[in-house]
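Notes to accompany the following structure.
Protein chains in written order, with the numbering used here: chain A, 27 to 281; chain B, 1406 to 1597; chain C, 743 to 1307.
Next up, the structure:
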């Protein structure tokens, strides 16, 4: 699923929707998130990434839809005609703030010593959602850093379990090095069923997992505090080109 | 800021618990604005003064650092009992931050023995005098006392400190109660 | 190859065989009685009868569960021309007495404690699903057939259209017994209307992943009357066009798995399952899938992932399983007890079923009665019965001079009902109004020695341990809700902890991905609704210098790290 609007010449948006009190036109089948981004309404996301499948685990993009007692996820819910969507109510703000606080409480998100400080999606979410402290007792987990890979480092204490790395490795690179082991609060990111990353023979060293990581959990080796810069947008670019057959030799195909 | 002359002078304190004093360095980066602050408030306690015991009747206290030892705990309680508004000043006070990195490493006793006995300095014994005992874990300030305002950052920039102080001093001198969930200035962020 | 089973023929053969016996002794061989020594009781009976050379007059049967588990091992003796006798607390010595006096000397009753036939525990029951439990040998297909089994399937295949079967279920008013009470016929119609992809099957799944603490209704149905579940599944498959079924059973139920396996094999041999069921143009096959010990796999999307061999994680709905389920094909998941009601509805008609219960909740519900009661075990009661009748009469009241405090229904997703609601009728709507839920049928009674915040903490610990970890609010929220509850229970909670707990409960309920997280706060909400005073009494004052939680004790209790005293 891609959030990029169809190129000019395609159908025009013709599904009438009310977004935060304003009448807007959506494309047929467009998700609430795609619509919101297209018209410039900010809905916070964390596990969602253009070019990857929907995970639905971070819950931050939840919205209110008139007539629906649940809080549907903007990333996974297609708009329907006359849908009335609210993206920024007091209740939503409170829920989002608490979920972000829970993510902070779960890990060791110590920005002052983090490679990704200043370019971290969790840090940005805290700032934009008014999280100035954590109401919940911090867990202070202790897990080993996996620095066995020659090029990359995994620090599980900074992982928010968004599974972007799992999905990009499986869906885009096709290697499926990563997955989540254990369950609940013990969930942890593992390479090849629990091997040190450096011994994972299925890893192609492509680095896409590092590029899409929203926090400092996955980083390039040798980066110091605040030096890591991720590039998650590259995945949308890659998958779009792949879907459009940009890497196929067109002459060979046509002959 | 409105005219300072027609209002009573406010009593402001700062405190240094388990932190690196970087937040106080940032406070000093307020530079000449410190004169403006002095126009409105007296600095009645903190590393920048020579006062030994926490005074009574303080309007605002900025607390740097996590609560990591017995002295911190005692001072934090004294601060709360004698301050109208307590602000967690910087990431160590807000989250535990670097000071709390030790929390995942287990009991402090083992750490102390590793530092003082296994890799001994001259004495090769645990320090027993002057040095306060460590608490089992280092905790954010609000886990120990009620905190009114949070000022994250490692350290918070001088600009951020100034913005917060102006808002707080205005509220205090106008007698405005602080809202329950005082959100603080808009550019709040952890880390740098 | 032999043809399909002739049900009437088997029935008459079975009746004839049984008429040769003067006594039929049914030894409960379900999980609870087996753990209390029922196997030894049965071998004693068999040995004593054999030694007296009465084996051709006395039949000793390993039966399913008669329900009164707190008085096990139970032995039911059916003697010609006499009301059945139910012996309680039977050990091997008592078994010898029963064999000698009742089975061999033909006395009306041996000198062994018996359950009063008028005991409200039994007298107030209406048994539909449990009609055979404790009365047949679950390992013998013939026993089930002789008790009227598989006749519903045959008559449906012979005389009813699939739509007709669904209409009958619709008319009965049957609702899902897994807890939520979704109308069963509506679900069946969705699957009936759905089209499988090219070359694909439609699936029916019996959800036997019963995970609520203290609940064992589905286990008993599966280990005491496994064919009833299979017949229900076959009827569901016929009605909806499904051709493949799975029974998903948790690994903690080895006996149920064993008996289901045997039942499936017997049903296949008798052509009650297979490519042409009973010779009709209807193919249906059933396999067992064994869970691996995750509560979340009772959630239908996680359950399907588990069947497919993937991690048992819930997925976003929609699409609902009836649109895209197992291996992408239309799939319907019904609770074991729901399916076990189906054969009776088709055999006896919707009207007979609907005559029991209330207007909105028809039929009966099986409850696992547990906790502080004289009588505990499995009961099947008409919907609409009051909790007071269940607790005071069927359960026999609270032992040891204690008072009733609360009844917990719905397990970790449910809530606690206090004494002044004891006259509430037990049905889906009323329990929900009280902040609890019908749930799958766990009913735990607590007396006045129980602390309600501790009850909430117990259930939260369960949810915390069972959270799958996929979504953040449940994964971390259950940990933090537990922390707050633990702090309060230990007497170091502060008023703001309670405030944060309530807010967090709201967020976890509103934002979790699946039912586990959405309902995890329910025990907290319901204990707060009805027993808030107990929480408040545990809180310590919000003094300015309140000690910090989470390891930082108050300074008096600090370990001395300086070595001096």
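All C-beta atoms, glycine included, are put in the ideal place defined by N, C-alpha and C.
Min CB distance residue i to chain A below 7 Å
i: residue 1496 (chain B); result: yes
i: residue 1052 (chain C); result: no
i: residue 1217 (chain C); result: yes
i: residue 1424 (chain B); result: no
i: residue 1477 (chain B); result: no
i: residue 1181 (chain C); result: no
i: residue 993 (chain C); result: no
i: residue 1249 (chain C); result: yes
i: residue 1428 (chain B); result: no
i: residue 1281 (chain C); result: no
i: residue 1555 (chain B); result: yes
i: residue 1047 (chain C); result: no
i: residue 1114 (chain C); result: no
For residue i, the residue or residues it bridges with in DSSP
i: residue 1027 (chain C); result: C:986
i: residue 1448 (chain B); result: B:1417
i: residue 1185 (chain C); result: C:1111 and C:1151
i: residue 48 (chain A); result: A:45
i: residue 216 (chain A); result: A:205
i: residue 1106 (chain C); result: C:1124
i: residue 768 (chain C); result: C:803 and C:818
i: residue 1016 (chain C); result: C:1026
Residue i, DSSP secondary structure in three states
i: residue 1221 (chain C); result: helix
i: residue 1117 (chain C); result: coil
i: residue 904 (chain C); result: helix
i: residue 910 (chain C); result: helix
i: residue 798 (chain C); result: coil
i: residue 995 (chain C); result: coil
i: residue 1277 (chain C); result: helix
i: residue 949 (chain C); result: strand
i: residue 1059 (chain C); result: coil
i: residue 178 (chain A); result: strand
i: residue 1425 (chain B); result: coil
i: residue 762 (chain C); result: coil
i: residue 1046 (chain C); result: helix
i: residue 1436 (chain B); result: coil
i: residue 91 (chain A); result: strand
i: residue 746 (chain C); result: coil
i: residue 68 (chain A); result: coil
i: residue 172 (chain A); result: strand
i: residue 221 (chain A); result: strand
i: residue 264 (chain A); result: helix
i: residue 962 (chain C); result: helix
Short CB-CB distance (under 7 Å) between residue i and chain C
i: residue 213 (chain A); result: yes
i: residue 112 (chain A); result: no
i: residue 254 (chain A); result: no
i: residue 305 (chain A); result: For residue 305 (chain A) there is no data in the structure shown, the boundaries of chain A being 27 and 281.
Proximity test, Cβ basis, 7 Å: residue i and chain B
i: residue 170 (chain A); result: no
i: residue 259 (chain A); result: no
Residue i beta carbon near the ligand ADP (any heavy atom closer than 6 Å)
i: residue 1096 (chain C); result: The model depicted lacks the ligand ADP and carries no ligand whatsoever.
Beta strand (DSSP E) runs contained entirely in the stretch 826–882 of chain C, provided each spans 3 or more residues:
Here the runs fully enclosed are 827–829.
Restricting to runs no shorter than 3 residues, where is the beta strand (DSSP E) found entirely within the stretch 1451–1490 of chain B?
Whole beta strand (DSSP E) segments, 3+ residues: 1463–1469 and 1472–1474.
Taking only runs of the beta strand (DSSP E) that begin and end inside the stretch 1122–1182 of chain C, which ones reach a length of at least 3 residues, in chain order?
Runs of the beta strand (DSSP E) lying entirely within the stretch 1122–1182 of chain C, each at least 3 residues long, are 1146–1151 and 1157–1160 in chain order.
If we require 3 or more residues per run, which beta strand (DSSP E) segments fall completely within the stretch 93–146 of chain A?
You should have 110–112.
Just to confirm the assignment: which complete beta strand (DSSP E) runs, minimum length 3, are found wholly within the stretch 1499–1570 of chain B?
Runs of the beta strand (DSSP E) lying entirely within the stretch 1499–1570 of chain B, each at least 3 residues long, are 1539–1544 and 1554–1556 in chain order.
Against chain B: residues of the stretch 233–251 of chain A by CB proximity under 9 Å:
If the cut-off is 9 Å between Cβ atoms, the stretch 233–251 of chain A has 251 near chain B.
Given a limit of 8 Å on CB to CB distance, which residues of the stretch 115–147 of chain A reach chain C?
The stretch 115–147 of chain A vs chain C, Cβ under 8 Å: 117, 120, 121, 124, 125, 128, 129, 131 and 132.
Along the stretch 1223–1243 of chain C, what residues have a CB closer than 9 Å to any CB found in chain A?
Along the stretch 1223–1243 of chain C, the positions whose C-beta sits under 9 Å from a C-beta of chain A are 1225, 1226, 1229, 1238 and 1242, read in chain order.
At a CB distance below 7 Å, what residues from the stretch 1496–1518 of chain B approach chain A? Give them in sequence order.
Taking 7 Å as the Cβ-Cβ cut-off against chain A, the residues of the stretch 1496–1518 of chain B that qualify are 1496, 1499, 1500, 1501, 1502, 1503, 1505, 1506, 1508, 1509 and 1510.
Give, in chain order, every residue of the stretch 188–213 of chain A whose Cβ lies closer than 9 Å to some Cβ of chain B.
Within the stretch 188–213 of chain A, no residue qualifies.
Listed in chain order, which residues of the stretch 1479–1495 of chain B have Cβ atoms closer than 9 Å to some Cβ of chain A?
Under the 9 Å Cβ criterion, the stretch 1479–1495 of chain B contributes 1493.
In chain order, which continuous runs of the alpha helix (DSSP H) of length 4 or greater are located wholly inside the stretch 1073–1098 of chain C?
Runs of the alpha helix (DSSP H) lying entirely within the stretch 1073–1098 of chain C and spanning at least 4 residues, in chain order: 1078–1090 and 1092–1096.
In the stretch 151–176 of chain A, which residues sit with their C-beta less than 7 Å from some C-beta in chain C, listed in chain order?
From the stretch 151–176 of chain A, only 161, 162 and 163 have a Cβ closer than 7 Å to chain C.
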